[in-house]
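Heads up, the thing below is written out as structure tokens.
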Amino acid sequence: MLQIIVGIIFTYLLLSLLATTINELLASWRGWRGYFLDEGLQKMLEKNENEQAYRAFTRNPLYKQLRKHPLIMRISRAPSYLNNHTFSSILLTVLREKYRNSLTLDDFIHALPDGSPLKAALEEAESKGNEVANTLKTLIIKAKSKEEAYNNLNAYIAKLPEGSTSRRALEIIKSKGDRVFDHLDLIQNLLHAENVEGMLDALPKDSKLERILRQLKEETTGEIHEFKAKVNNWFDEVMDRSAGWYKRHMQMITFLVGLTIAASLNADTFKIYRHLSTNSDARQKVAELATDFVSKNETLPEIDATNARKMQKEISAMLTEDVGKLRNPLGLGWEFEEVNGVKIIQGDNPDDPLGSWAMRFLGWIITALAISLGAPFWFDVLKRMVNIKGAGREAQSAPTQVIVQTNK
């Protein structure tokens, strides 16, 4: 009986390994990991409520770098993996950009001391209307130094029509020379300040994302590194749930793949049991194959999306060889016989073909359910059973010590 159990478990193990390989290839081809990661990001960034934040996040150069491969770009909206540090870095970059864009010319003016040429220039620009004010604001935001700001101002003026109001207003500012940008560093400090409160103020008021981030901020002293740590934890919690969604999805896929394998190989658990029960040579052969597999493999081969693609031929060859060795001992496959002039599947009851198919389908279901438990589960069970079998053989082969007691 133990050999029968070992044979069935070994069959489940090999078919589970085959299903795992197919699953990883499917997951890679269909981009399922990226899909569920993206679903998690959409929930975190509230895409339906605040699509602008989601779009800014996914258009970030660092994020795009993670999915730069053309295959990933084509099959998935997101990379298959994103760590919490990368997420928080991109999110804070998005928030900083929103914060900078939310700053007005008045904010710049208030950051400058009285008597500053730049303050006077900004006030002058503000009085000339939105176009001049916005132009100067943009030039200041993009410039890294006063020289760069002045050169950008010159280049912009050169593109404006002669005699236009905007050109005349900007030329007045330009006439003061690059000293007009002497206090640019004060505005740069304002632009690059790690102002968590300011970043959150730039989000849509009372949006779910704003409420969540504000709650995280309230759990800190307001320091940016503390806030980032809270964002990291939030990301990990959401990704744990996302991993759960992916796992449930893959459990269903594994069952369907297992059912397909069982039907293709006619790996009917009932049939396998009957075959091993009535064929001692088959039992012995399968038990030897199982013992040999355990002795050669301390652990199972790691099969993930990466090595499933790289080692597809090697893994397929290994599994094909092992499953092929089981084909005859287990009676796998489809064989037909002729009964009363009618060709039927070998072993079927010619008087009840429907019942035979019903039992066969039930056997496939049991095999598919077993496959869905996963190869690691069956490998652990097989090792225990092989050890029990080996211990039993040693006990049987151990010499019996006979003690003869003589009376003196």
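Read in the numbering used here, the sequence shown has 1296 at position 39, and its numbers run on one by one without any break.
Ideal Cβ placement from N, Cα and C applies to all residues, glycine included.
Remember, it's a predicted structure, so these values are computed and weren't measured experimentally.
Residue i lies in the alpha helix (DSSP H); which residues open and close that run?
| i | result |
| --- | --- |
| His1342 | Asn1341 to Ser1359 |
| Trp1591 | Careful: Trp1591 lies outside any alpha helix (DSSP H) and carries neither H nor E. |
| Lys1474 | Lys1465 to Glu1475 |
| Leu1298 | Trp1289 to Leu1302 |
| Leu1375 | Pro1374 to Ser1384 |
| Leu1546 | Ser1537 to Lys1553 |
| Asn1408 | Lys1403 to Lys1416 |
| Thr1454 | According to the sequence shown, residue 1454 is Glu rather than Thr. Here the alpha helix (DSSP H) through Glu1454 covers Val1453 to Asp1458. |
Can you tell me whether residue i is helix, strand or coil according to DSSP?
| i | result |
| --- | --- |
| Met1258 | coil |
| Thr1517 | helix |
| Ser1613 | helix |
| Asp1525 | coil |
| Arg1316 | coil |
| Tyr1269 | helix |
| Ser1337 | coil |
| Thr1511 | helix |
| Ala1368 | coil |
| Leu1275 | helix |
| Thr1556 | coil |
| Ala1632 | helix |
| Asn1307 | coil |
| Lys1321 | helix |
| Lys1394 | helix |
| Ala1400 | coil |
| Gly1501 | helix |
| Lys1462 | coil |
| Gly1620 | helix |
| Gly1479 | coil |
| Glu1388 | helix |
| Gly1264 | helix |
| Glu1281 | helix |
| Glu1419 | coil |
Compare the Cα-Cα distances from residue i to each of the options and report the closest residue.
| i | options | result |
| --- | --- | --- |
| Thr1624 | Ile1262, Arg1425 and Ser1273 | Ser1273 |
| Asp1363 | Thr1478, Ile1444 and Phe1314 | Ile1444 |
| Glu1381 | Pro1418, Ser1423 and Val1351 | Ser1423 |
| Gln1260 | Leu1533, Met1616 and Leu1427 | Leu1533 |
| Arg1227 | Leu1460, Lys1582, Lys1504 and Gln1541 | Any question about residue 1227 goes unanswered here, given that the chain covers just 1258 to 1665. |
| Thr1395 | Tyr1413, Ala1524 and Ser1384 | Tyr1413 |
| Ala1524 | His1367, Asn1585, Leu1473 and Arg1468 | Asn1585 |
| Trp1286 | Phe1365, Arg1312, Lys1485 and Ser1337 | Ser1337 |
| Gly1372 | Tyr1407, His1440 and Ala1406 | His1440 |
| Val1351 | Glu1388, Lys1487 and Val1453 | Val1453 |
| Leu1339 | Ala1313, Pro1318 and Gly1291 | Gly1291 |
| Asp1435 | Ala1390, Glu1404 and Met1258 | Glu1404 |
| Phe1344 | Lys1304, Leu1294 and Leu1448 | Leu1294 |
| Asp1458 | Ala1368, Leu1639 and Asn1358 | Asn1358 |
Any heavy atom of the ligand COA closer than 7 Å to the beta-carbon of residue i?
| i | result |
| --- | --- |
| Leu1270 | Only the bare structure without any ligand can be found here, which leaves the ligand COA out of the picture. |
**Item:** Whole runs of the alpha helix (DSSP H) within the region 1422 to 1451, excluding any shorter than 4 residues
**Value:** Listed in chain order, they are 1422 to 1431 and 1441 to 1448.
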